[in-house]
Amino acid sequence: MAECVKVCTENFGKGAQDIEVYKKLGGYANISERLFNMSQFELIDYVQRSNLRGRGGAGFPTGMKWSFVPRGTGKPVYIVVNADEGEGGTFKDHFLMLEDPHRLIEGLIIAAWALGSRAAYIYCRGEFLPCIESLNKALNQAYAAGYLGENICGTKFCFDIFVHRGAGAYICGEETALINSLEGQKGQPRLKPPFPAVSGAWKSPTCVNNVETIMALPWILQHDPSEYAKMGTPRAGGTKVFCISGDVKNPGVYEAPLGTPMMTMINEYAGGVVGGKLKAVLPGGSSCAPLTAEEAAVATMDYECLASMKTMFGSGAMIVINDTHNMVDLLNVLGNFYSHESCGQCTPCREGTGLLHRILNLIVDGKGHDGDVELMQSLTGGFGGVTICPLSVSLGGPVASYSTKFRADFDEYIAKNPDHAKPRVQETYRPGIFW
Amino acid sequence: MSNFYNMPKLPTENSPKVEIFVDDKAVMVPGDTNLLEALKAVGIETPHVCYHPYLPVSGNCRQCLVEQEGPRGRMLVIACYTPVAPGMKIYTPASSARVKNARKATQEFMLVNHPLDCPICDKAGECTLQENYMEAGQNEGRMRPEYGKNYHGNPAHQFIDSKGQVRGGKHVDIGPRILLDEERCVQCDRCVRFMRTIAKDEQLQLAGRADHTYISTFPGEKLDHEYDLCVTDVCPTGAMTAKYFRFQKRVWLLSHTPTISMDDSLGANIWLDHADGRIYRMMPRCNPEVNRSWISNTTRLAFQTFGENRLPAMGLKVIKEAMGEGKVAIVAGGASTIEDLAAIKLLKETLGDKAEIFGGTFKKVGSPDGIAMSGDPMANRAGFKLMGIADDNLADLVKRASEFNVLLTVNADLFGEDAAAAKGLEKIATRIALSAFDDETAKKSTLAFGIKHWSEVQGTMVNCNNLLQKLNAAPTCPDAELRPAYEVISELAGKPFTSAFEAFKKAGEYASVLAGLAYDSIKSTGKLLEGGNA
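As you go down the protein sequences, you meet chains D and U in turn. Mapped onto the numbering used here, the consecutive letters of the first sequence carry residue numbers 1 to 435. Mapped onto the numbering used here, the consecutive letters of the second sequence carry residue numbers 436 to 969.
Spelled out as structure tokens, the structure:
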């Protein structure tokens, strides 16, 4: 494994939770004359040149997102950090905030200067209690050291950061649902447009960024943007924090440049597949389509390659699955998760995810019939692009791809039902006491 | 929940017309509205569940999908939240199989957890789901009993039925006037949005999430509001049902008469739904300028007493004899139509100096609530002014009571409204009441004469916004002998009107703005009068 530059995970295990240690490691060096002499447009241009793309899952270019935030509307601009890490298999933000909270604060000050923002909210998943503790401790230290609050470092720049504890709903990772939740309403995605960049939290321009995106900023500012861009692929610069879990020897958080081959990640970083042969890899969290072993052998971990393989890079959460597992069991777990986490707004998602889960349950219980898989595939056809947010597709996509790529697993389960070839009985309701 | 501040923009007569392409055909549609309304304007109905023209758009039913040509190819969008833009290209099921299938799929999902208990559902016959099914669904049922239905209701209400299925929440008493069926609810959010943005009293909420979302009041609270029965109108399914109408009548057996409520000077537009010669319910009739889609509970529930306690008809000769040669005070009540007022004016002309017309009410005049009530119980006050009849001189009448020999009240329950204030009128020796009901005034009078109620007559009224509106007669009069007030009064005057329109023509002689108008020229949404007094 080639030694790579560490952008976000540099301070891991060095006790950087303490501000003194963090400063000794070169922290807060960006909060200087150089930053405050840069204009907003220079800074946004700087980030644009670094080719940094959002690390939350969608991969939207960060600099471009910032440039959409309107100026001079008379309303405050809010920065919201999306630390509501809910996607199955993703645990990078948890470690990033736990190990290096000051880097997030430093990144936020840079983002605030770029956007002319006065306040930022870190919307943190409610279960991440150690994270929240670590963040709050770091915030107190930063306030005491004068990096936050009124007149930062003797300038006229004022900036506050608040940590908001979410209640742990998966859907609050969607930016408009997150904003609703932040405002104190039910965490349900909003209709778009207006997009949050124009009208977000409290109807003000709001920029929602992932933790990792913000944490990449201090490094980018310290170095030349071209140096960051050089590390990745032509369309997405830099390194990415991968969380590798599943049947590997050393599951964990690893930082590697974008475009690293998938097998390098599995074999060299995570120590190889254990317990059997490689069967499938989920490259970007639980909601993406799986890659078979053959596909994984040629895949590289970046946005374009994975999109071309009809899956997605997502949050970089690789879940490695060996051949001792039946994919239907995994899909049933996903069905349980997504049918429970649907916010209940759009009809296809609200009713459809629950129905898919009930059908999956039947199959797993050995009560499957021929035609159930075709029914599921047909039902997922009603999900695509018709709902407010993509949660329905997060289950619909896997159902469609698991059942195409690993059809044998489904047939194995359905064969457990001795009557599987008979059609299901349509119950007819006969006239009863009401008629 | 989402974007609760987004009221849909509705097209008006003055909307600029823009050209869009529907199924590759160029059509001119109103340009300042959403696609759903624009398509409706050119006669293309889009099935929808959660969208309501007078509620904020929530866009959660996903039933109104259409395809729009965009920079990234043809995308499915919801018609209710897509603004019309000039030159946009739209594809409806008429040309796009994708839209047809998407709507079908949504329809199928909508019915996954919906109990198909239409035979015992009060909404059957006017249910949005049924209508959409005929339009967008009609698919072969693919659900099987093993797949099961998910119980979506308050966990406290659930039980296991004889087939082992989790059921419950069939008749949840959520308020004094409304029952909730949690199984039938499709979580369209309409009632929640109505209470939040129209009633401005957030008493309902969606609790839970995913397919166990259910409608609920806040713990320990009841749904109780002056407009709460409107949630039964906006409910697309039979989830919210009004207790007064539950199991009373199948809706397809009802006939509908469009008329105006004479309870209030806003003149809320209503449908009288009747069958077997009685009124079963009163429903709001959409009029964007007056009450939109709302009516208050007071207005709505008033019909329950329309058939009771009625006065019988009498021969006119008795009245003529009773009136004699003395001085007559004619009091017109607020529910008198323009036709009644014309007849009263005619009677005054005939009697000359012997008669004097008074008008008004002893009830207190409130303030408008901004929804569907103006607070003024004198419904036709603007009509009184238009006809040159005093609308507020009852105090004067009480003061001068001793000057008169005869008191003739028309639709005016003076003693019922304020017995103390009306006490002075007892000084008048002969008191004749022309009234639909055997009310306090009829009881106190020396001669009580039954006439038709406003729900049973044809006529016109002018509301507080100076809008001339048309009343139609519902065939619900309990007694065939009863006659409208204008007929009775004009006969007293010796020049009987044979029809309401004849009376209306006469009214044109007293009020020039009404001259030359025909009933047909008054639209169902009313006619704004120019130069009226109000």
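Just so you know, even glycine gets a beta-carbon here, dropped at the ideal spot from N, CA and C. Treat the numbers as computed from the prediction; the structure is a model and nothing was measured.
Going by DSSP, U/F884 is part of the beta strand (DSSP E) stretching over 882-885.
For U/Q565 and U/A571, the gap between their C-alpha atoms comes out near 10 Å. Contact between U/V845 and U/I863 is absent: CB atoms are separated by about 15 Å, not below the 8 Å threshold. When Cβ-Cβ separations below 8 Å define contact, D/K75 makes no contact with chain U. Within the same chain, and ignoring the five residues on either side of D/A177 in sequence, the residues whose Cβ sits closer than 6 Å to its Cβ are I171, G187, Q188, P189. At a beta-carbon threshold of 7 Å, the residues of chain D lying near U/C496 are T347, ordered along the chain. Cβ proximity to chain U below 8 Å picks out S339, H340, E341, S342 from the segment 311-342 of chain D.
The beta carbon of U/A847 sits closer than 6 Å to those of V766, G768, all from its chain and outside the five residues before and after it, given in chain order. U/P723 and D/P205 have their C-alpha atoms some 34 Å from each other. Segment contact: the segment 247-267 of chain D against the segment 60-79 of chain D, fewer than three CB-CB distances shorter than 8 Å; contact not assigned. Of the candidates U/C665, U/Y586, U/E656, U/A591, U/C665 places its Cα closest to the Cα of U/R625. Runs of the beta strand (DSSP E) spanning 3 or more residues and lying entirely within the segment 481-535 of chain U occur at 500-505, 508-513, 524-526, in chain order. Contact with chain D is found for U/F544, since one of that chain's Cβ atoms lies less than 8 Å from the residue's Cβ.
Proximity of chain U to D/T206 at the Cβ level (cut-off 7 Å) is not reached, the minimal Cβ distance being about 14 Å.
Within the segment 532-570 of chain U, the runs of alpha helix (DSSP H) at least 4 residues long that lie entirely inside it are, in chain order, 532-545. Listed in chain order, the positions of the segment 349-365 of chain D with a beta carbon within less than 8 Å of a beta carbon of chain U are R350, E351, G352, T353, G354, L355, R358, I359, L362.
Counting only residues of its own chain and dropping the five nearest sequence neighbours on each side, D/K75 has a CB closer than 6 Å to the CB of S204. Distance from the CA atom of D/N30 to the CA atom of D/G252, rounded to whole angstroms, is 29 Å. The shortest CA-to-CA distance from U/G494 to any of U/N469, U/K635, U/I479 is the one to U/N469. CA-CA distance, U/E581 to U/S450, rounds to 52 Å. The beta-carbon distance between U/L746 and U/F884, rounded to whole angstroms, is 7 Å. This is short enough to meet the 8 Å contact definition. Leaving aside the five residues that flank U/Q739 on each side, the residues in its chain whose CB is nearer than 8 Å to its CB run, in chain order, Y679.
In the structure shown, U/S771 adopts coil according to DSSP, grouped into three states. Take the alpha-carbon of D/E150 and the one of D/G284: they are about 40 Å apart. Interface residue (Cβ-Cβ distance to chain U less than 8 Å): D/L191 is classified as such. Per DSSP, U/F738 is not a residue of any alpha helix (DSSP H), being assigned neither H nor E. Of the candidates U/K635, U/V547, U/P590, the residue whose Cα lies closest to the Cα of U/R619 is U/V547. Nearest Cα to D/S117 within the set D/Y78, D/H223, D/E294, D/G56: D/Y78. The beta carbons of U/I754 and U/L882 sit closer together than 8 Å.
In the three-state scheme derived from DSSP, where H, G and I count as helix and E and B as strand, D/P261 is classed as strand. Taking U/C899 as reference, the option from U/S531, U/V669, U/G961 with the minimal CA-CA separation is U/G961.
Of the residues D/P398, D/I220, D/G382, the one whose Cα lies closest to the Cα of D/L331 is D/P398. If you check each beta-carbon in the segment 378-408 of chain D against every beta-carbon of chain U, the ones closer than 7 Å belong to G381, G382, G385, V386, T387, I388. Of all residues in the segment 463-477 of chain U, none has a C-beta nearer than 8 Å to a C-beta of chain D.
Residue burial annotation: D/E295 is buried, with at least 16 other C-beta atoms found within 10 angstroms of its C-beta. Fewer than three beta-carbon pairs drawn from the segment 375-383 of chain D and the segment 660-676 of chain U are found closer than 8 Å, and the two stretches are therefore not classed as touching.
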